[in-house]
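Visitor: Attaching a single structure in structure tokens format; questions to follow.
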Amino acid sequence: VYKGRLENGTYVAVRCFTLIKKYQIRNLKLRLDLLAKLRHPHLVWLLGHCIDGAPDESYVNRVFLVYEYIPNGNLQAHIS
1 VYKGRLENGT YVAVRCFTLI KKYQIRNLKL RLDLLAKLRH PHLVWLLGHC IDGAPDESYV
61 NRVFLVYEYI PNGNLQAHIS
């Protein structure tokens, strides 16, 4: 997970991962759009995403997820 900053100065957490299975981009976008609508006080909000895939959108190589940034450590530190 990387810490980033948007043009407006807002800090975000960026997670990058490589997919083992090749998913169709349309299917992946649908799932990510549903996750972005999920709101709960105990969950970090998914603000957006970027998908690195084939030009013809037939498969996905990498996915970048942009979450709201929550300072003060991580969940593991709070549980311990």
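Residue numbers (full-length UniProt numbering): 1 to 80. A virtual CB, placed ideally from N, CA and C, is assigned to each residue, including glycine. Since the model is a prediction, treat every value here as computed from it, not as a measurement.
Would you mind sorting His42 into buried or exposed? The rule is 16 or more other CB atoms within 10 Å of its CB.
Guide: Stepping through the sequence shown from its first residue, residue 42 is reached at position 42. By the 10 Å Cβ count, His42 comes out exposed.
Visitor: Between which two residues does the beta strand (DSSP E) carrying Lys3 extend?
Guide: For the purposes of this step, residue 3 is identified with residue 3 of the sequence shown, where counting begins at 1. Segment Tyr2 to Arg5, the beta strand (DSSP E) holding Lys3.
Visitor: Suppose the cutoff is 8 Å on Cβ atoms and the five residues either side in sequence are ignored; what does the same chain contact list for Ile70 look like?
Guide: Along the sequence shown, read from residue 1 onward, the residue named residue 70 stands at position 70. Answer for Ile70: Ala13 and Val44, listed in chain order.
Visitor: Can you round the beta-carbon distance between Leu46 and Leu35 to whole angstroms, since I take them to be within the 8 Å contact cut?
Guide: Counting from 1 along the sequence shown, the entry for residue 46 is found at position 46. Counting from 1 along the sequence shown, the entry for residue 35 is found at position 35. That pair is a contact at about 5 Å.
Visitor: May I have the straight-line CA-CA distance separating Ile51 from Tyr67, to the nearest angstrom?
Guide: If you number the sequence shown from 1, residue 51 lands on position 51. If you number the sequence shown from 1, residue 67 lands on position 67. Going from the Cα of Ile51 to the Cα of Tyr67 covers about 15 Å.
Visitor: Select from Glu57, Leu75 and Tyr11 the residue whose C-alpha is nearest the C-alpha of Gln24.
Guide: The count along the sequence shown starts at 1 and reaches residue 24 at position 24. Selected option, being the one with the closest Cα: Glu57.
Visitor: Restricting to Cα atoms, I'd like to know which of Thr18, His49 and Tyr11 is closest to Val60.
Guide: Position 60 of the sequence shown, counted from the first residue, corresponds to residue 60. Among Thr18, His49 and Tyr11, the Cα nearest to that of Val60 belongs to Thr18.
Visitor: Cβ of His49 within 7 Å of Cβ of Leu38?
Guide: Position 49 of the sequence shown, counting from 1, holds the residue named residue 49. Position 38 of the sequence shown, counting from 1, holds the residue named residue 38. Cβ atoms of His49 and Leu38: not closer than 7 Å.
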